[in-house]
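Numbering (our numbering), first residue to last: 9 to 131.
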Amino acid sequence: ATLLALLWARIPFFRERNIRAFSYASPCSVCPKLSNAPFTKRHITSVVFGDDIVSRLGLVTFREMQSDIMALDMSVNGTDGSSMPVMQPLEGEAKMHCAGRVWWLESEEYKPHPIVEIDPVKE
């Protein structure tokens, strides 16, 4: 919904209608620059509930988690990792973020505030 709304917002037919998208539990789908762009903030409002993994998990985050799990497995099993397949990073890999204005609901990180607006790039 986020990417479709951003695409539609550039088309005159939809631009006349001031298209907006409200994205609930949306995945990280845009780069940091696009996430904080005024155009994106004008058209997209993202809502994240609590510690929802969908809104926190992107390719880079997944790779970091995968690496941590492999390291934990190696330390538990006493191996040096030489038999593990080596994963090569993708070229131009960038961390993805939620788009536009991002509202976080019921997060342990922001207690006692039930709702806060955050900067997804800094969080």
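Here a beta-carbon is modelled for each residue, glycine too, at the ideal position from N, C-alpha and C.
Excluding the 5 residues flanking it on each side, Arg23 has same chain C-beta neighbours closer than 8 angstroms at Ala17, in chain order. Unbroken alpha helix (DSSP H) runs of no fewer than 4 residues, entirely contained in the region 29-85, are found at 40-43, 46-51, 67-85, following chain order.
Apart from sequence neighbours up to five positions away, the residues of its chain that approach Ala9 with a beta-carbon distance below 8 angstroms are Ala29, Ser31, Ser34, ordered along the chain. The DSSP-derived three-state label of Glu116 is helix. For Pro20, the enclosing alpha helix (DSSP H) covers residues 20-23. Scanning its chain for C-beta atoms nearer than 7 angstroms, with the 5 sequence neighbours on each side dropped, one finds around Ser37 the residues Thr10, Leu11, Met104, Ala107, in chain order. With respect to the C-alpha of Arg50, the residue from Asp76, Leu65, Arg109, Asp127 having the closest C-alpha is Arg109.
For Val124, the enclosing beta strand (DSSP E) covers residues 123-126.
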